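**Student:** Quick note: the sequence shown, position 192, residue 672 per the numbering used here, numbers continuous. Every residue, glycine too, gets a C-beta built ideally from N, C-alpha and C. The structure displayed is predicted, hence computed values, not measured ones.
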Amino acid sequence: MLTQKRWELPDPARDKYYSALEGKKVAFVPVAMGFDLTEGWYAGMKRALEPLGVEMILRDPNWSADAGSKAISSLISEKPDAIVVHNPDVQTYAKLLRKAEKAGIHVVQVNMKSAFPTDAFVGADWVEIGELVTQKVIDQCGAGTSQKIAIVQGVLTAAASAYQLRGVSNILEKNPNIKVVSNQAADWDSTKARAITETTLQQHPDLCGIVGFWDGMDIGTGAAGFKGKLECMKKYFLTSGGGGKTVCDNLKKDILTFS
481 MLTQKRWELP DPARDKYYSA LEGKKVAFVP VAMGFDLTEG WYAGMKRALE PLGVEMILRD
541 PNWSADAGSK AISSLISEKP DAIVVHNPDV QTYAKLLRKA EKAGIHVVQV NMKSAFPTDA
601 FVGADWVEIG ELVTQKVIDQ CGAGTSQKIA IVQGVLTAAA SAYQLRGVSN ILEKNPNIKV
661 VSNQAADWDS TKARAITETT LQQHPDLCGI VGFWDGMDIG TGAAGFKGKL ECMKKYFLTS
721 GGGGKTVCDN LKKDILTFS
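#1: What are the boundary residues of the beta strand (DSSP E) that includes Lys659?
#2: Give every residue of the same chain whose Cβ lies closer than 7 Å to the Cβ of Glu678, excluding the five residues on either side of it in the sequence, and list them in chain order.
#3: What residue ranges within the segment 539 to 570 form continuous alpha helix (DSSP H) runs of no fewer than 4 residues, ordered along the chain?
#4: If you drop the 5 nearest sequence neighbours on each side, which residues of the same chain put their C-beta closer than 7 Å to that of Asp667?
#5: Out of Ile552, Ala547, Tyr498 and Leu555, point me to the one whose CA is closest to Glu530's CA.
#6: Please classify Leu532 as buried or exposed, where buried requires at least 16 other C-beta atoms within 10 Å of its C-beta.
#7: Going by DSSP, name the residue or residues bridged to Gly624.
#8: Starting from the C-beta of Ala545, find all residues in its chain whose C-beta is less than 6 Å away, skip the five residues before and the five after it, and write them out in chain order.
#9: Just confirm the distance between the C-beta atoms of Gly696 and Phe515, as a whole number of angstroms; I'd bet it's less than 8 Å.
#10: Taking DSSP as the reference, what is the three-state secondary structure of Gly700?
#11: Count the other CB atoms within 10 Å of the CB of Asp495; is the residue buried (16 or more) or exposed (fewer)?
#12: Tell me Val506's beta-bridge partners as DSSP assigns them.
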């Protein structure tokens with residue numbers, strides 16, 4: 481009679497998988513911590529990798545591209561097995577990422593690309609997002625409206641802004657009747673977004689719609705009083721982002737509206 485123990489077998493594939501990851505080091509360099517996207521990514525990586533024996537390293541530049549460059553330079557010397565980087569723009573980290581890969585460090589770019597393509601990119605198709613959001617606004621700003629729209633960008637040289645603007649342009653080229661009366665960068669700053677929106681609405685009270693590039697920044701657009709005007713004057717404001725708690729709270733308060 482066979483005992484239960486005689487049927488117990490080690491899983492060679494499982495053992496190989498865990499042993500390959502045990503003791504590895506993965507560093508995360510976001511543009512900053514403290515907002516929904518980067519906090520969520522870091523928590524997700526820790527939850528997935530730490531049980532496998534991977535050590536997570538966090539270097540937070542806190543919105544400083546210079547601090548981020550120094551962090552990556554330091555990591556290249558420390559030689560972690562991989563660096564996950566959230567680029568502030570397409571150029572600042574490009575040479576450093578090339579240097580990291582030459583040093584044998586795997587580099588994964590998340591959500592915003594550098595001009596230098598590394599091992600992998602994980603993130604949104606920003607051109608498509610620009611097209612989708614702009615088309616939604618244009619659908620509401622046809623005949624019978626002023627057909628005036630405004631664009632609130634992020635950092636001009638950031639991939640999420642530059643590529644998204646390409647998508648916006650793709651749709652605008654097909655709709656020559658639409659008039660862009662304001663196209664300004666708020667640098668992902670909600671205070672700047674609010675100031676831009678207030679000025680635009682003062683100059684163009686018949687504005688039909690606004691294309692926003694990130695919900696965290698576009699909270700400022702809503703705070704400018706745009707929502708109240710939206711309801712009584714048939715204006716439309718669309719944005720995109722991570723759907724964090726602050727944005728959801730502002731939806732409940734009718735400060736923002738999404739489609």
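**Tutor:** Reading it off the structure:
#1: Locating residue 659 in the sequence shown gives position 179, counting from the first residue. Run containing Lys659: Lys659 to Ala665, per the beta strand (DSSP E) assignment.
#2: Residue mapping note: residue 678 aligns to position 198 of the sequence shown, counting from 1. Only Ala704 meet the Cβ criterion.
#3: 545 to 558
#4: One-based indexing of the sequence shown puts residue 667 at position 187. Excluding positions up to five away in sequence, the list reads Gly634 and Val635.
#5: As a first step, residue 530 must be located in the sequence shown, where it is residue number 50. Comparing Cα-Cα distances from Glu530 to each of Ile552, Ala547, Tyr498 and Leu555, the minimum goes to Tyr498.
#6: For this step, residue 532 is matched to residue 52 along the sequence shown. Exposed, by the Cβ-count rule.
#7: Start at 1 with the first residue of the sequence shown, and residue 624 comes out as number 144. According to DSSP, Gly624 bridges with nothing at all.
#8: Mapped onto the sequence shown, residue 545 falls at position 65. Answer for Ala545: Pro568 and Thr572, listed in chain order.
#9: As a working note, residue 696 is residue 216 in the sequence shown. As a working note, residue 515 is residue 35 in the sequence shown. Between Phe515 and Gly696 the Cβ distance is about 6 Å, and since that is below 8 Å, they are a contact.
#10: In the sequence shown, residue 700 corresponds to position 220, counting from 1. Helix at Gly700.
#11: To locate residue 495, count along the sequence shown from 1; it is residue 15. Exposed.
#12: Taking the first residue of the sequence shown as position 1, residue 506 is located at position 26. The partner list for Val506 (beta bridge, DSSP) reads Met536 and Ala562.
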